[in-house]
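Participant:
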Amino acid sequence: MSVLKKSILIVLLIFCFKSLSLQAIAVSKIEGDKKVVLITGASSGIGLSTAKYLAKKDYIVYGAVRNLSSLDTNIKNLHFETLDVTDTQSIQKTVSKIISKEGRIDVLINNAGYALGGSLETLSMDDIKNQMDVNFFGAIRMCQEVLPHMRKNQRGHIINISSEQGVYGLPYGSLYSASKAALESVSESLSIELLPWNIKVSIVEPGQVATNFVLKMGSKKLKDNPYQKICDFMESSHNKITQKEKALPPYQKPDEIAAFLYDIMNVTDPQLRYQTNKLSKGIVSMKLNDISGEDYFKKMTIMIQDFQKRLINK
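Right, here's the structure in full:
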């Protein structure tokens, strides 16, 4: 075993022993306290549904949005705050406001995000930076601002909304997959780092959810673009999905995800990784057990070849 690995193990053991003593003397949660929850990306979809669901459960909920217009701001227990996950000062201002009013943040749900589509060659560096800035760095900024307060209170729960695509790389969705894979890796590391302070970290991997999830296509123009047909089809297919189609499996309703998150928040010892339906569990399990990646490669190759026959070569 390398010196570095031995050092890490020693530090972890010290942290674990320290965490037991810290948790023993920490002020326990008062019975009847309402959990204070901060959710990013709360203007629509999973974020908004979760904010409303938790508010009905008598939680104190802060929904972080970029724009307050068109939102119902008169819901009991639900407070909307303007926040941009790409702006550190914006985050600091909102978190400070919540701490001043409530004294703590018990649960942070990092939900803000969007999907960047298109082949890698059609993605400009600005496209790529923006995708990572919102989906990955945004969650990092939120954690860095909230964690000092959770450590002070000796408890907390960070729930990072990832995706099935955080486990596998989807063709023509490489940067979205990369942003979620990065988030998952950080979450795994963080779950161990925060043991001494009784702060839990969970990754939630939804499959398809019936929301108006934003898909942005790459902006880089290529001469005689060989990917144009498939990129155009990808964008038009996303935009043409009807509400009727979204009401059918494998789509899940945002309220289902909200209830799922509520259940996770009320588990004494939450898991690191969750999938929200059986199909997602099967896909993620298959990928995580495919240590060579060959099975995934073969299945995806067959799918893409079939897709090209039906679309590109017709």
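Using my numbering, you'd call the opening residue of the sequence shown number 239 and step up by one each time.
C-beta atoms are modelled at their ideal positions from N, C-alpha and C, and glycine is treated no differently.
Less than 8 Å between the C-beta atoms of Gln-490 and Val-447, yes or no?
Facilitator: A contact, by the Cβ cut-off of 8 Å.
Participant: Apart from the five residues just before and just after Asn-450, which ones in its own chain have a Cβ nearer than 8 Å to its Cβ?
Facilitator: Excluding positions up to five away in sequence, the list reads Ser-282, Gly-283.
Participant: In the region 493-544, which residue ranges form an unbroken alpha helix (DSSP H) of at least 4 residues, counting only runs that do not cross its ends?
Facilitator: List check, alpha helix (DSSP H) in window: 516-526.
Participant: Using the Cβ count rule (16 or more neighbours within 10 Å means buried), how would you classify Ile-397?
Facilitator: Classification of Ile-397: buried, given that the 10 Å Cβ count is 16 or more.
Participant: Touching or not, the region 331-342 and the region 379-387, by the rule of three or more beta carbon pairs under 8 Å?
Facilitator: Verdict: yes, contact present.
Participant: CB-CB under 7 Å to Gln-509, same chain, minus the five flanking residues each way: which ones, in chain order?
Facilitator: So the list reads Ser-440, once near-sequence residues are dropped.
Participant: Using a Cβ-Cβ cut-off of 6 Å (strictly less than) and excluding sequence neighbours within five positions of Ala-558, which residues of its own chain qualify?
Facilitator: Because the chain spans 239 through 552 in this model, residue 558 falls outside it and cannot be assessed.
Participant: Over what stretch of residues does the alpha helix (DSSP H) that includes Ala-419 continue unbroken?
Facilitator: Counting along the chain, the alpha helix (DSSP H) containing Ala-419 begins and ends at 412-431.
Participant: Quick one: measure Cβ to Cβ for Val-274 and Ile-343, integer angstroms, because I've assumed they're closer than 8 Å.
Facilitator: Yes, they are in contact, since the Cβ atoms of Val-274 and Ile-343 sit about 5 Å apart, within 8 Å.
Participant: Judging by CA-CA distance, which residue of Lys-294, Lys-478, Leu-460, Gln-369 is the nearest neighbour of Leu-316?
Facilitator: For Leu-316, the nearest C-alpha among the options comes from Lys-294.
Participant: Ser-440 bridges to which residues according to DSSP?
Facilitator: DSSP output for Ser-440 lists Ile-397 as bridge partner(s).
Participant: From Val-265 to Arg-393, what distance separates their C-alpha atoms?
Facilitator: Unreliable placement is indicated for Val-265, whose pLDDT of 38 sits below 50; no coordinate value is reported for it.
Participant: State the CB to CB distance for the pair Ile-428 and Phe-374, rounded to an integer number of angstroms; the pair is presumed to be in contact (CB under 8 Å).
Facilitator: Inspection of the sequence shows that residue 428 is occupied by Leu rather than by Ile. So it is not a contact: roughly 13 Å between Cβ atoms.
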